[in-house]
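Scroll down for the structure; my scribbles are underneath it.
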Amino acid sequence: MTAISDRQKLAYVAAQASDARVNLELETEGMILNIGPQHPATHGTLRIVAKLDGEQVIHAEPMMGYMHRGYEKLTEVRTYPQVTTLINRIDWVGSFANEVPFILAAEQLMGIEAPLRAQYIRTILFEMGRIANIILFLGDMAVQLGALTPIFYAFRDREYVLNQIEAVTGGRFHPNFDRIGGVKDDFPKGWIEDSLSAMVKVREFCDQMEDLLMGSEIFQARTRGVGVIPPDVAQQFGLSGANARASGIDWDLRRDSNVGLVYGDADWKVWTHPDGDSFARFWVRLQETREATSIVDQLLGSIKGGPIMAKVPRIIKVPEGEAYVATENPLGEMGYYIVSKGDLTPFRVKIRTASFNNVSITPWLLRGVYVPDIVTILGSLYFILGDIDR
Amino acid sequence: MSSSEDTTIPVSESPAADAPSEPAAPVDDLREGLVERLTELLGDGVVDHHIIPGKDVWIRVTADAWQHTAESVRYTLGCRYFGFLSAIDWMPSPWGRGMEAEVDTIVHGKEAKELPAQTTGYAGGDTRFQVFARVANIKDHFGITLKVDAGDETPSVPTWTKVFAGADWHERETWEMYGIDFVGHPFLRHIYLPGDFEGNPCRKDFPLLARFVKPWPGIVDVEPLPGSDEPGSDTAGSDEPAADASAPEETA
Amino acid sequence: MGLGLVESGKMPKPLTKLLSISRSYSMWVYQWGLACCALEMGAAFGSPRYDVMRLGVIPFPASPRQADLVVISGTVTDKMAPAIRRLYEQMPDPKYVISMGSCANCGGPYWDSYSVTKGVDQIIPVDVYVPGCPPRPEALLEGVVLLQQRIKDEDMQSRWRGEPIVVQ
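Residue numbers (the working numbering), protein chains in the order written: chain A, 1 to 390; chain B, 1001 to 1252; chain C, 2001 to 2168.
Right, dumping it as structure tokens:
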């Protein structure tokens, strides 16, 4: 940076001041900019109505509901296995991770515990879903900022993970594989070796992302200091997952809760970042991907043989009661509050999705930012429309 | 299995501010302590509670104490994390539920069954609508589910937005889905549904009309191929009750 | 193509056939995904494995005004339906629609929901339906190939006049 003389500084400040005075004199009213529901930058059908003053946002409000499919009503007329089919379409990138809290809550109401191998399989697929999800995030955030290359890498490397998930479950990202009491099938032959090599490729991808993006001046200038969320505000809104950990909150349901997945058998760490800006959120997720590959490697190394399904009746009637189970999904904390009356179908299922809370902070967060920063912030918060709208 | 019935955000035997908790004992000191402290703070506000030892606690409060409850859990009990807020409609659905859904059988000419009596869940309840919320304490790893009776015909409770800013959207959604009025909310308006939507979809008496037009045919073992002309191959109708279903765990 | 040659039928058949063939190999797809199927669509368009550009389908435009083809991928809700209609009308003729996934075909797993439109063909005319939940990227590519065959067999005269499409 060349030294700026005082005179230049004064001229710059004067220009800014006169600009502001012009705004006042002309009495420019805010312009209302409608972003979406169809827009390349809104990750789906989210509509943001932003009231602008020049380039700054005075007030931005997301309008949702364009993907509202009525899950909570639909679950009341479907049996438990049918609900499983439906709910892995809530967070449609995180595949297996959507089914797990529901199955765990139903199992705990029934008093069943899945056998150990089934828990291992669940955890491994859960982490693979997380990896697939965050790979997409890493590519997607780059494309929001204008870097086109990473998303092609992301889609290419996601294919390896999706291949593995498909080899076990039959579906690339709607696996419908979890059953009350265990999982549907066991791993096919040779799956473990293929997965280990897929994890190697994912780690290479993370290194590529780090090379391509994180050191880039443009990336840093666009994300550092943008969209800072203080930890107390984060908790008030119920921010969870990497968004909360990027604000310094040390909380991870994989470590802090005891829900029936076998994270305790692997040696891994929780990544936090004190800044709370968009760069922190990107960084935390990148580290989490690496950590997830390490968890998968360890679990694949230590999985033992055994049954994959506990004894459950053919027709599943969950006894009366209420249960809430939340797990650390790729997007944040996802939980199912099941109210059961002893029937074939649940009486009420409240789906607590991470993105709903994550996006509820945007009216507070988007005050005073510039229009390009809206895109950065939305990209770094990382929500999936199905998760918001259910 | 008595110890694995339920789970909260994290379940752990970590030391709490109140008293050491015992892992497998039937008495849950941590949660009993929570109920006691809340009762101290709210007095008559706490109506009922239910504890599953080692797992979770449900506390029901009065509508008048609802806002004070929010302040107490946030500032005194340290539950600064806002989970969610929603409602339950305890009325049994007039159209039944599940595979023997009444709507499907009534359309095919069977008589409507009698409605079962309305019952409520943990920590009881007096009214048809209940609002419930979940908050958690991240440092000490526990969560509390709070319930409040909202009312029967025109349900309404005070708002939580002054204490937890994140409750804003949750209350809007609950208002939209159940018709529960939140007194003091800055601007209750539609969040999911189009502005001219009539009715409150999640209420039990809101019908899913698609099921009236084309009822669910019941659990089919082998679906007939399209264009099959045999009249008996279609199991539409309720003559094959769910008891005959052979593989409900398969995806239907 | 002006001067009323195409409408009046004076354009010789081999020439219109050639024009249809070249049209079918240069389709510009509008970048729009609604729900889960959008990921498979993204994999088909963006990933090097199921490359769609080798079929001549270019996934660049972000605006409907520059697109020939729109792939409705995902659930159509009643709130979104007017937007879909408006976006379809903004596309210039000749335009084609592929309905991808069972939600767009017929409402799919949400057939009984109160807020889902049971099939996008209630709003806009659809040329090719690709079934699946979600359909694999290869299935979408097959849908594109079918659409290309359909375009090649089109009667350009009736299309130009705005009559219902006749496929020979």
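Here a beta-carbon is modelled for each residue, glycine too, at the ideal position from N, C-alpha and C.
Option nearest residue 1139 of chain B by Cα separation, candidates B/1120, B/1211, B/1156 and B/1078: The residue given as residue 1139 of chain B occupies position 139 in the second sequence. Nearest to residue 1139 of chain B by C-alpha distance, out of B/1120, B/1211, B/1156 and B/1078, is B/1078.
Distance check for residue 1148 of chain B and residue 203 of chain A, CA to CA, integer angstroms please. Counting from one through the first sequence, the residue named residue 203 of chain A turns up at place 203. Counting from one through the second sequence, the residue named residue 1148 of chain B turns up at place 148. Residue 203 of chain A and residue 1148 of chain B: Cα-Cα distance of roughly 49 Å.
Take residue 190 of chain A as the anchor and find which of A/90, A/55, A/163 and A/208 has the nearest alpha-carbon. As a first step, residue 190 of chain A must be located in the first sequence, where it is residue number 190. Closest option to residue 190 of chain A, Cα to Cα, is A/163.
Of all the residues that make up the segment 34-68 of chain A, which are near chain B by a beta-carbon distance shorter than 7 Å? Cβ contacts with chain B: 64, 65 and 68.
If we define contact as Cβ-Cβ less than 8 Å, is residue 2121 of chain C a contact residue for chain B? Stepping through the third sequence from its first residue, residue 2121 of chain C is reached at position 121. No, its Cβ sits nowhere closer than 8 Å to a Cβ of chain B.
When the Cα atoms are used, what is the spatial distance from residue 67 of chain A to residue 389 of chain A? Sequence index remark: in the first sequence, residue 67 of chain A carries index 67 (1-based). Sequence index remark: in the first sequence, residue 389 of chain A carries index 389 (1-based). Approximately 6 Å, taken between the alpha carbons.
Below 7 Å on C-beta distance, what does residue 2115 of chain C contact in chain B? Looking up residue 2115 of chain C in the third sequence gives position 115. Ordered by position in chain B, the residues that pass the 7 Å Cβ test against residue 2115 of chain C are 1193.
Quick check on the burial criterion: 16 or more other C-beta atoms within 10 angstroms. Buried or exposed for residue 304 of chain A? Indexing the first sequence from 1 puts residue 304 of chain A at position 304. With fewer than 16 Cβ atoms within 10 Å of its Cβ, residue 304 of chain A is classed as exposed.
Supposed close pair residue 1175 of chain B, residue 1122 of chain B - CB separation, criterion 8 Å: Here the question's residue 1175 of chain B lines up with position 175 in the second sequence. Here the question's residue 1122 of chain B lines up with position 122 in the second sequence. That belief does not hold up - the Cβ atoms of residue 1175 of chain B and residue 1122 of chain B are roughly 24 Å apart, past 8 Å.
Please confirm whether residue 1087 of chain B has its beta-carbon closer than 8 Å to some beta-carbon of chain C. On the second sequence, position 87 is the one that residue 1087 of chain B refers to. With 8 Å as the cut-off, residue 1087 of chain B does not count as an interface residue toward chain C.
Distance check for residue 2132 of chain C and residue 175 of chain A, CA to CA, integer angstroms please. Taking the first sequence and counting its residues from 1, the one referred to as residue 175 of chain A is at position 175. Taking the third sequence and counting its residues from 1, the one referred to as residue 2132 of chain C is at position 132. Pairing residue 175 of chain A with residue 2132 of chain C, the inter-Cα distance amounts to about 14 Å.
For residue 1185 of chain B, return the contacting residues in chain A, with the cut-off set at a CB-CB distance below 8 Å. The residue given as residue 1185 of chain B occupies position 185 in the second sequence. Going along chain A, no residue has its Cβ under 8 Å from residue 1185 of chain B, so there is no contact; the nearest lies around 14 Å.
Would residue 391 of chain A pass as a contact of residue 145 of chain A if the rule is Cβ separation under 8 Å? Chain A is shown only over 1 to 390; residue 391 of chain A falls outside these bounds and no answer can be derived.
For the putative contact between residue 65 of chain A and residue 1191 of chain B, defined by C-beta atoms under 8 Å, what is the C-beta separation to the nearest angstrom? Working through the first sequence from its first residue, we reach residue 65 of chain A at position 65. Working through the second sequence from its first residue, we reach residue 1191 of chain B at position 191. Contact check for residue 65 of chain A and residue 1191 of chain B: beta-carbon distance about 6 Å, within the 8 Å limit, so the pair qualifies.
Should the segment 289-300 of chain A be called in touch with the segment 259-270 of chain A, which here means at least 3 C-beta pairs below 8 Å? Per the Cβ contact rule, the segment 289-300 of chain A is in contact with the segment 259-270 of chain A (3 or more Cβ pairs under 8 Å).
Is the segment 40-57 of chain A in contact with the segment 1154-1169 of chain B, if contact means three or more CB pairs nearer than 8 Å? Not touching, per the Cβ criterion.
Write down the C-beta distance between residue 2036 of chain C and residue 271 of chain A rounded to the nearest angstrom, noting that I regard them as a contact closer than 8 Å. Counting from 1 along the third sequence, the entry for residue 2036 of chain C is found at position 36. Counting from 1 along the first sequence, the entry for residue 271 of chain A is found at position 271. The beta-carbon separation of residue 2036 of chain C and residue 271 of chain A, rounded to 28 Å, does not stay under the 8 Å limit for a contact.
Assign residue 355 of chain A to one of three DSSP states: helix, strand, or coil. Along the first sequence, one-based indexing puts residue 355 of chain A at 355. The three-state reading of DSSP puts residue 355 of chain A in helix, counting H, G and I together.
Within 8 Å, strictly: CB atoms of residue 349 of chain A and residue 259 of chain A: Looking up residue 349 of chain A in the first sequence gives position 349. Looking up residue 259 of chain A in the first sequence gives position 259. No, Cβ-Cβ distance for residue 349 of chain A and residue 259 of chain A is not below 8 Å.
Quick check on residue 71 of chain A: does DSSP put it in helix, strand or coil? To locate residue 71 of chain A, count along the first sequence from 1; it is residue 71. It is helical.
Cβ of residue 1225 of chain B less than 8 Å from any chain C Cβ? By 1-based counting over the second sequence, the position of residue 1225 of chain B is 225. No, because no Cβ of chain C sits closer than 8 Å to the Cβ of residue 1225 of chain B.
Assuming residue 2039 of chain C and residue 2064 of chain C form a contact by the criterion Cβ under 8 Å, report the distance between their Cβ atoms to the nearest whole angstrom. Translated into the one-based positions of the third sequence, residue 2039 of chain C becomes position 39. Translated into the one-based positions of the third sequence, residue 2064 of chain C becomes position 64. Not really, about 21 Å apart at Cβ, beyond 8 Å.
List the DSSP bridge partners of residue 62 of chain A. Within the first sequence, the letter at position 62 stands for residue 62 of chain A. In the DSSP output, where bridge partners are listed per residue, residue 62 of chain A has A/48.
Could you spell out where the alpha helix (DSSP H) holding residue 2046 of chain C opens and where it closes? For the purposes of this step, residue 2046 of chain C is identified with residue 46 of the third sequence, where counting begins at 1. DSSP places residue 2046 of chain C in the uninterrupted alpha helix (DSSP H) bounded by 2036-2046.
Looking at the C-beta of residue 1024 of chain B, does it have a partner C-beta in chain A at a distance below 8 Å? Position 24 of the second sequence, counted from the first residue, corresponds to residue 1024 of chain B. Summary for residue 1024 of chain B: the model assigns pLDDT 49, below 50, so the residue's position carries little reliability; its value from the coordinates is reported in the next sentence. For residue 1024 of chain B, the answer is no, since every Cβ of chain A falls outside 8 Å of its Cβ.
Can you tell me whether residue 233 of chain A is helix, strand or coil according to DSSP? Position 233 of the first sequence holds residue 233 of chain A. Reduced to three states, the DSSP call for residue 233 of chain A is helix.
According to DSSP, is residue 1244 of chain B helix, strand or coil? For the purposes of this step, residue 1244 of chain B is taken as residue 244 along the second sequence, with counting starting at 1. Any reading at residue 1244 of chain B needs caution, since the residue's pLDDT is 33, under 50, leaving its predicted position unreliable; the model's value is listed next. Looking at residue 1244 of chain B - three-state DSSP - the assignment turns out to be helix.
Below 8 Å on C-beta distance, what does residue 151 of chain A contact in chain C? On the first sequence, residue 151 of chain A is found 151 positions in, with the first residue counted as 1. The answer, in chain order, is 2046.
Check each residue of the segment 1139-1151 of chain B: if its Cβ is closer than 8 Å to any Cβ of chain A, include it; give the result in chain order. Cβ proximity to chain A below 8 Å picks out 1141, 1143 and 1145 from the segment 1139-1151 of chain B.
As assigned by DSSP and simplified to three states, the class of residue 243 of chain A: On the first sequence, residue 243 of chain A is found 243 positions in, with the first residue counted as 1. Correct three-state label for residue 243 of chain A: helix.
Note down, in chain order, every chain C residue with its Cβ under 9 Å from the Cβ of residue 1077 of chain B. In the second sequence, residue 1077 of chain B corresponds to position 77, counting from 1. Residues of chain C passing the Cβ test: none, with the nearest at roughly 38 Å.
Grab me the residues of residue 368 of chain A's own chain with a C-beta within less than 7 Å of its C-beta, minus the 5 sequence neighbours each way, in chain order. Locating residue 368 of chain A in the first sequence gives position 368, where the first residue counts as 1. Only 56 and 57 meet the Cβ criterion.
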